[in-house]
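Some notes on the structure that comes next.
2 protein chains.
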Amino acid sequence: MASLVGIVEDNKKIRDLIQRYLDMQDELSCPVAVDSVEEMLEYLEEHEKPRVILMDIQLPGMSGIKGIGLIKEKYPEIDIIMLTVYHDSHKIFNALRAGASGYLLKHTSLPEIKESIVNLVDGGAPMSPQIARKVINHFQDNAPKKNPDSDLTPREHDIVNGLVDGLSYKMIADRYDISIDTVRAHIRNIYKKLHVNSKAEVIAKSLKGEI
Amino acid sequence: MASLVGIVEDNKKIRDLIQRYLDMQDELSCPVAVDSVEEMLEYLEEHEKPRVILMDIQLPGMSGIKGIGLIKEKYPEIDIIMLTVYHDSHKIFNALRAGASGYLLKHTSLPEIKESIVNLVDGGAPMSPQIARKVINHFQDNAPKKNPDSDLTPREHDIVNGLVDGLSYKMIADRYDISIDTVRAHIRNIYKKLHVNSKAEVIAKSLKGEI
DNA sequence: AGTTTTATAACATGTTTATGTGATACATAC
DNA sequence: GTATGTATCACATAAACATGTTATAAAACT
Numbered sequence: 001m002a003s004l005v006g007i008v009e010d011n012k013k014i015r016d017l018i019q020r021y022l023d024m025q026d027e028l029s030c031p032v033a034v035d036s037v038e039e040m041l042e043y044l045e046e047h048e049k050p051r052v053i054l055m056d057i058q059l060p061g062m063s064g065i066k067g068i069g070l071i072k073e074k075y076p077e078i079d080i081i082m083l084t085v086y087h088d089s090h091k092i093f094n095a096l097r098a099g100a101s102g103y104l105l106k107h108t109s110l111p112e113i114k115e116s117i118v119n120l121v122d123g124g125a126p127m128s129p130q131i132a133r134k135v136i137n138h139f140q141d142n143a144p145k146k147n148p149d150s151d152l153t154p155r156e157h158d159i160v161n162g163l164v165d166g167l168s169y170k171m172i173a174d175r176y177d178i179s180i181d182t183v184r185a186h187i188r189n190i191y192k193k194l195h196v197n198s199k200a201e202v203i204a205k206s207l208k209g210e211i
Numbered sequence: 001m002a003s004l005v006g007i008v009e010d011n012k013k014i015r016d017l018i019q020r021y022l023d024m025q026d027e028l029s030c031p032v033a034v035d036s037v038e039e040m041l042e043y044l045e046e047h048e049k050p051r052v053i054l055m056d057i058q059l060p061g062m063s064g065i066k067g068i069g070l071i072k073e074k075y076p077e078i079d080i081i082m083l084t085v086y087h088d089s090h091k092i093f094n095a096l097r098a099g100a101s102g103y104l105l106k107h108t109s110l111p112e113i114k115e116s117i118v119n120l121v122d123g124g125a126p127m128s129p130q131i132a133r134k135v136i137n138h139f140q141d142n143a144p145k146k147n148p149d150s151d152l153t154p155r156e157h158d159i160v161n162g163l164v165d166g167l168s169y170k171m172i173a174d175r176y177d178i179s180i181d182t183v184r185a186h187i188r189n190i191y192k193k194l195h196v197n198s199k200a201e202v203i204a205k206s207l208k209g210e211i
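Spelled out as structure tokens, the structure:
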């Protein structure tokens, strides 16, 4: 069954080009291409909902980012891909925070756009590589700092991994073929290094990336 | 000029396959493929630095995530792409935080891997669509894959938060001004809903966003 | 050569957790 | 109007955990 796709794009040439191309694909059908969020909202009231909407940011009337919020609020099951020339971090993050599931730059080729929609329907999140780079950089800037004093030995890391996997001391002892008292000994040292005094805190620190 | 690529991957078959394929490409050259971070670090001491390193996470000796940190610390100009079977959110985020510039799942085809490397050299950030989806979800901070059967009540969420904060039953009882037996009762119900039977597992699930 | 670190192990003891069973009260749902 | 779910509390017991003390041996460091 073909997935329905909608387009919100104010440049008629681009809009028609994309619509015609997508509509030609076996897997897709593109019954609606409008030039404003307002028109799309009207359309959604009265017709079968598309599975995916391609949306520009710069639009007459309401901005695409504001549009994401409104559409997702009423129809959370619709996935929205931004298709825009903007690659500044602020617009990207606002769009993603508003609920966009993908972000493509406008120079993306028609086959790639098609590929992205199929991807999205399959549970992926299409992003132009330059966009992904910015998103990743954002992560690295906010990286939590590790406590240098908390350098664990390889064996201690093994034990921590066991704890994170939800194992008991006995199960950890079995996994690494050592005695339970040795596990205890390692745990004692780990607690000292991490300044904690329970399994729970070790697991939390580990999963937060602080080890 | 061909970009140099290094590989750290403990499965010899996969390693050789990728190396041979990449080395065949005009744009790339793959002079080094080893099975541990330790070996790669040795290699880097004595040879021309690769532009990009493909790295597994699960490795003999030091984990790939720890390896990212060490390599980026000494050679920040090298870009690292994770190539792994893990699609666990925490592994992804820890890898990205540690300094990875891309994250591909192992089922990625050889041509796609090549494409990703070229992409990275051009300033992009290759990511498998499923990975991108998780990264985006993180932005929207909506839970990735809640188990519908595991719907906790508000009070149960309080208790889980207490556990995640590393509190004992007694401390949780104090925090919410209820009896320790009530805490026990809630914990029992939580375990039942989540199909687990230890604090550790609840904390792990919670921090992995599975609650 | 001597010290520190790592990995191993045993024994003891008190605390915390996991689990069973049972009960009361209130609100919502069917 | 009686199930169902939430929130509360109690008592009991076995298992798991936290912590103290002590010790051996190999590896790494000074």
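Sequence order for the protein chains is A and B.
At position 29 of the first sequence the residue is numbered 29 (the numbering used here), and the sequence of numbers has no breaks.
At position 61 of the second sequence the residue is numbered 61 (the numbering used here), and the sequence of numbers has no breaks.
Note that beta-carbon positions come from the ideal geometry of N, C-alpha and C, so glycine has one too.
All figures in this text were calculated on a predicted structure; none of them were measured in a lab.
| Check | Outcome |
| --- | --- |
| B:Leu70 versus chain A: which residues are under 7 Å apart at the beta carbon? | Neighbours of B:Leu70 on chain A: none; closest Cβ ~12 Å, over 7 Å. |
| Which residue's Cα is closest to the Cα of A:Ile81: A:His186, A:Asp88 and A:Gly67? | A:Gly67 |
| Shortest alpha-carbon distance to B:Gly61 belongs to which of B:Arg20, B:Val85 and B:Ser36? | B:Ser36 |
| Do A:Leu17 and A:Val5 have their C-beta atoms within less than 9 Å of each other? | no |
| Can you name the start and end residues of the alpha helix (DSSP H) that B:Thr182 belongs to? | Ile180 to Leu194 |
| Report the rounded CA-to-CA distance for B:Pro144 versus B:Glu46, giving the unit in angstroms. | The pLDDT assigned to B:Pro144 is 42, lower than 50, so where the model puts this residue is not dependable; a value taken from the coordinates is nonetheless given after this. Taking the straight line from one Cα to the other gives about 44 Å. |
| Going by the beta-carbon positions, is the gap between B:Val8 and B:Met40 smaller than 9 Å? | yes |
| Tell me the rounded alpha-carbon separation between A:Leu70 and B:Leu194. | 34 Å |
| May I have the straight-line CA-CA distance separating B:Gln130 from B:Lys170, to the nearest angstrom? | 41 Å |
| Quick one: Cα of B:Arg175 to Cα of B:Ser89, how far? | 30 Å |
| Am I right that B:Ala33 and B:Arg51 are in contact with their C-beta atoms under 8 Å? What's the rounded C-beta distance? | Not quite, the Cβ-Cβ distance comes to about 15 Å (not below 8 Å), so this is no contact. |
| In angstroms with no decimal places, state the Cα-to-Cα distance between B:Ile113 and B:His186. | 48 Å |
| Measure the alpha-carbon distance for A:Asn94 versus A:Ala2 and round it to whole angstroms. | 30 Å |
| From the beta carbon of B:Pro76, is the nearest beta carbon of chain A less than 9 Å away? | no |
| Mark A:Arg188 as exposed unless 16 or more other C-beta atoms lie within 10 angstroms of its C-beta, in which case mark it buried. | exposed |
| Report the partner residues of B:Ile53 according to the DSSP bridge assignment. | B:Gly6 and B:Ile80 |
| Please report how far the alpha carbon of B:Lys146 lies from the alpha carbon of B:Glu210, in whole angstroms. | Here B:Lys146 scores only 46 on pLDDT, less than 50, and its place in the model should not be relied on; the value that follows carries that caveat. Approximately 5 Å, taken between the alpha carbons. |
| For A:Tyr75, name the three-state secondary structure that DSSP assigns. | coil |
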